[in-house]
Amino acid sequence: MSDKHLLSKTSFLKSVQCTKAFFLYKNHYNLKDPLPKEKQAVFNRGHQVGLLAQSLFPDGIDVSPTHVSKFNDSVKRTKELIEQGQKVIYEAAFVYDDVLIALDILVNEGGKWYAYEVKSSLKISAAYVMDAALQYYVLANCLPNLEDFYLVTMNANYVLQDELDVQALFKIKSVKTDAEKNTEFIKYHIQLAKNVIDKNVLPKVDIGEKCFTPYQCDFYGTCWKHEPTNNIFEFSGISKKQAQIWFEKGFKTVYYIPEEELSGNTKLMVQAYKNHTEIIDKPALQQFFKKIKYPVAFFDAEMYAPAIPQYKGTSPFEAMPFLFSWHSMANEKAIPQHNYFYQEENKYAGKALLDYLIAEAEKVNTILVFDTAQELKALSGVVKHFPEYKKTIDKLKNKFVDFSDVFTKLWYYHPQTKGSMSLKKIYESVFGKSIFDDLAIKSGLLASYKYDDYLKETDLFKKDELKNNLIDYCKTDTQAMYDLFVYLSMSIS
Ligand code: SF4
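Here the sequence shown is numbered in the numbering used here, starting from 12 and rising by one per residue.
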């Protein structure tokens with residue numbers, strides 16, 4: 012069997028998503044989009060969680076290949092270890108029906124085999140079940156006495172005490188029945204993938220909803236580069252499902268959607284796009300600005316949500332603010348002053364950040380936040396650990412005004428956002444440039460991972476650089492809010 016014909020879990024899942032993506036993956040790997048930093052960070056976290064889960068079944072032997080091309084060594088070593096009576100094997104590798112799989116943990120108990128695949132997640136998704144079904148198909152045909160197949164996920168109810176309790180941190184659920192139900196589907200898609208390899212011709216596949224489901228395709232950049240920018244799928248205000256329906260009816264750009272097919276906010280957004288006009292609902296904006304009482308502050312928080320809880324009393328993926336950015340203005344004409352809170356030490360920021368927020372909030376009458384629900388949820392999460400702050404924080408919440416309402420309720424809408432409600436996209440559309448492009452960190456998700464790097468970094472210069480990058484990112488969020496706020500206040504005056 013040659014490498015060319017071998018299917019891996021990754022290539023198989025690509026073929027299920029799209030045969031063209033599979034062909035490109037096998038034959039033109041270099042056309043793959045660069046891996047976003049966020050995705051790389053997710054992989055790294057998955058790896059850490061996988062290593063920790065090995066301690067659920069200690070004394071195993073890891074047969075990971077020294078290089079991805081050396082998978083045959085892992086398959087051989089797995090076979091040898093099984094023959095020698097090894098009870099626990101990590102990254103056990105098998106090939107069946109030209110499909111190569113590596114299983115996180117394989118355990119023998121009483122002569123029967125139990126398979127465990129670890130996911131750095133609180134829930135079991137449909138994509139995880141599909142992963143498991145492929146692995147089960149291969150394993151069941153390689154190990155006659157395979158008894159069960161489990162997915163290992165993080166336990167949302169686990170609360171860290173003095174010591175990490177690995178047994179309680181993970182949840183183990185059998186997915187054998189679901190995997191068995193999918194056997195025919197798996198066989199069908201393996202054959203389909205093999206046909207694509209044998210035919211050796213790029214399959215003709217239309218772009219569509221599949222390019223985003225279950226994940227954005229790695230060949231999106233290549234495949235979509237000649238698509239018009241007003242492509243219906245690129246309009247965030249239209250769900251991918253709806254876009255697919257319209258695409259199949261021949262409405263390939265937003266210009267072609269008949270008026271009678273549209274309703275509500277989507278209709279207004281599409282009309283604005285077609286006419287190249289902003290929506291400015293002056294009475295609604297005036298009402299909004301009436302609520303703003305000076306001094307005001309623009310507030311944003313960054314969260315740290317480690318899969319493996321780091322601080323006593325916290326749970327897996329618990330969102331903990333570690334950085335606040337605060338731009339405040341004494342009056343309409345004042346130059347905004349910037350301030351921030353940053354948790355330097357590797358300990359739960361809790362009390363210190365609540366004290367900071369309360370002290371700053373006392374100096375202002377309105378706190379503008381982009382998407383209040385998310386920030387309030389995070390604050391409630393902190394207060395849960397310090398109930399003595401509840402009354403003060405509840406009172407302070409009355410000062411919060413959700414700036415994102417202006418955009419989600421279409422009191423103001425810029426056609427170039429194409430329905431996106433992201434602060435970054437709105438800023439770029441309104442001002443024709445981005446203030447985020449030159450930053451080392453450009454998303455909240457990456458900020459969360461970079462804070463983890465910051466906590467682990469021992470080189471003081473690198474640590475300082477990470478800290479400054481994080482503060483710059485959060486500061487740019489509140490700066491963007493301030494700039495938009497001034498722009499909108501001028502547009503109604
Ligand atoms: S971008 Fe879409 S059509 Fe192109 S390979 Fe990927 S899934 Fe297939």
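Idealized CB from N, CA, C, for every residue including glycine.
Note that the coordinates shown come from a computational prediction; the quantities given were computed from them, not determined experimentally.
Can you tell me the Cα-Cα spacing of residue i and residue j, whole angstroms?
| i | j | result |
| --- | --- | --- |
| Leu-145 | Pro-327 | 28 Å |
| Lys-344 | Ser-502 | 16 Å |
| Met-12 | Gln-97 | Caution applies to Met-12, whose pLDDT of 47 falls short of 50 and renders its modelled position unreliable; the value that the coordinates give is listed next. When rounded, the distance between both Cα atoms is 27 Å. |
| Thr-325 | Glu-355 | 18 Å |
| Tyr-148 | His-200 | 12 Å |
| Thr-403 | Lys-221 | 48 Å |
| Lys-263 | Pro-294 | 35 Å |
| Leu-213 | His-237 | 17 Å |
| Ile-135 | Thr-164 | 7 Å |
| Val-129 | Ser-250 | 31 Å |
| Leu-180 | Leu-273 | 48 Å |
| Tyr-353 | Ile-290 | 38 Å |
| Ser-454 | Lys-410 | 26 Å |
| Tyr-400 | Leu-407 | 11 Å |
| Ile-429 | Glu-49 | Looking at the sequence itself, residue 429 is Lys, so the reference to Ile does not match. Computed Cα separation, rounded: 24 Å. |
| Lys-210 | Ala-138 | 27 Å |
| Glu-91 | Pro-225 | 37 Å |
| Lys-473 | Asn-357 | 16 Å |
| Glu-270 | Asn-286 | 13 Å |
| Phe-196 | Tyr-267 | 37 Å |
| Lys-215 | Tyr-231 | 15 Å |
| Ser-504 | Phe-300 | 11 Å |
| Ser-500 | Ser-445 | 20 Å |
| Ser-391 | Ala-370 | 18 Å |
| Ser-415 | Lys-436 | 13 Å |
| Thr-30 | Lys-395 | 49 Å |
| Phe-105 | Thr-89 | 8 Å |
| Ala-318 | Gln-297 | 44 Å |
| Val-118 | Asn-193 | 23 Å |
| Pro-347 | Asp-142 | 51 Å |
| Leu-133 | Tyr-125 | 22 Å |
| Gly-71 | Ala-64 | 12 Å |
| Val-177 | Leu-114 | 20 Å |
How would you write the range of the alpha helix (DSSP H) that residue i sits in, first residue to last?
| i | result |
| --- | --- |
| Trp-257 | 251-259 |
| Ile-268 | No alpha helix (DSSP H) contains Ile-268, which DSSP labels as neither H nor E. |
| Asn-38 | 30-38 |
| Ile-208 | 194-210 |
| Val-53 | 48-64 |
| Asn-480 | 471-502 |
| Met-141 | 137-153 |
| Asn-83 | 82-95 |
Return the Cβ separation of residue i and residue j in integer angstroms, given the expectation that the two are a contact with Cβ distance under 8 Å.
| i | j | result |
| --- | --- | --- |
| Asn-276 | Leu-421 | 6 Å |
| Glu-102 | Ser-75 | 4 Å |
| Ala-283 | Pro-426 | 5 Å |
| Tyr-161 | Val-186 | 7 Å |
| Val-207 | Phe-23 | Not a contact, Cβ separation roughly 12 Å. |
| Ala-308 | His-338 | 7 Å |
| Tyr-322 | Leu-171 | 7 Å |
| Glu-156 | Lys-182 | Residue identity differs from the one stated: residue 156 is Asn in this sequence, not Glu. Actually they are not in contact, since the Cβ atoms of Asn-156 and Lys-182 sit about 25 Å apart, beyond 8 Å. |
| Lys-25 | Tyr-36 | 5 Å |
| Ala-32 | Asp-229 | 7 Å |
| Thr-377 | Val-412 | 6 Å |
| Ile-517 | Phe-244 | The chain is shown from 12 up to 504; residue 517 falls before or after that span and cannot be answered. |
| Tyr-152 | Tyr-107 | As written in the sequence, residue 152 is Asn, which differs from the Tyr given in the question. Right, their Cβ atoms sit about 4 Å apart. |
| Leu-434 | Asp-488 | 7 Å |
With the cut-off set at 9 Å, would you say residue i and residue j are in Cβ contact?
| i | j | result |
| --- | --- | --- |
| Phe-333 | Leu-365 | no |
| Phe-335 | Leu-368 | yes |
| Lys-486 | Tyr-465 | no |
| Leu-495 | Val-441 | yes |
| Tyr-438 | Arg-56 | no |
| Leu-203 | Asp-109 | no |
| Ile-100 | Ile-116 | yes |
| Met-340 | Tyr-315 | no |
| Gln-490 | His-349 | yes |
| Gln-227 | Ser-131 | no |
| Pro-306 | Asn-342 | yes |
Starting from residue i and walking both ways along the beta strand (DSSP E), at which residues does that stretch end?
| i | result |
| --- | --- |
| Asp-366 | Premise fails: Asp-366 lies in the alpha helix (DSSP H), 361-372, not in any beta strand (DSSP E). |
| Ser-185 | 181-185 |
| Glu-506 | Look at the range of the chain in this structure, 12 to 504, and you will see that residue 506 is not part of it. |
| Gln-282 | Element bounds for Gln-282: not the beta strand (DSSP E) but the alpha helix (DSSP H), 275-286. |
Closest Cβ-Cβ distance between residue i and chain D: below 9 Å?
| i | result |
| --- | --- |
| Ser-75 | Here there is only one protein chain, and chain D is not present. |
Does at least one heavy atom of the ligand NAD sit under 8 Å from the Cβ of residue i?
| i | result |
| --- | --- |
| Leu-46 | In the structure shown, the ligand NAD is absent; the only ligands present are the ligand SF4. |
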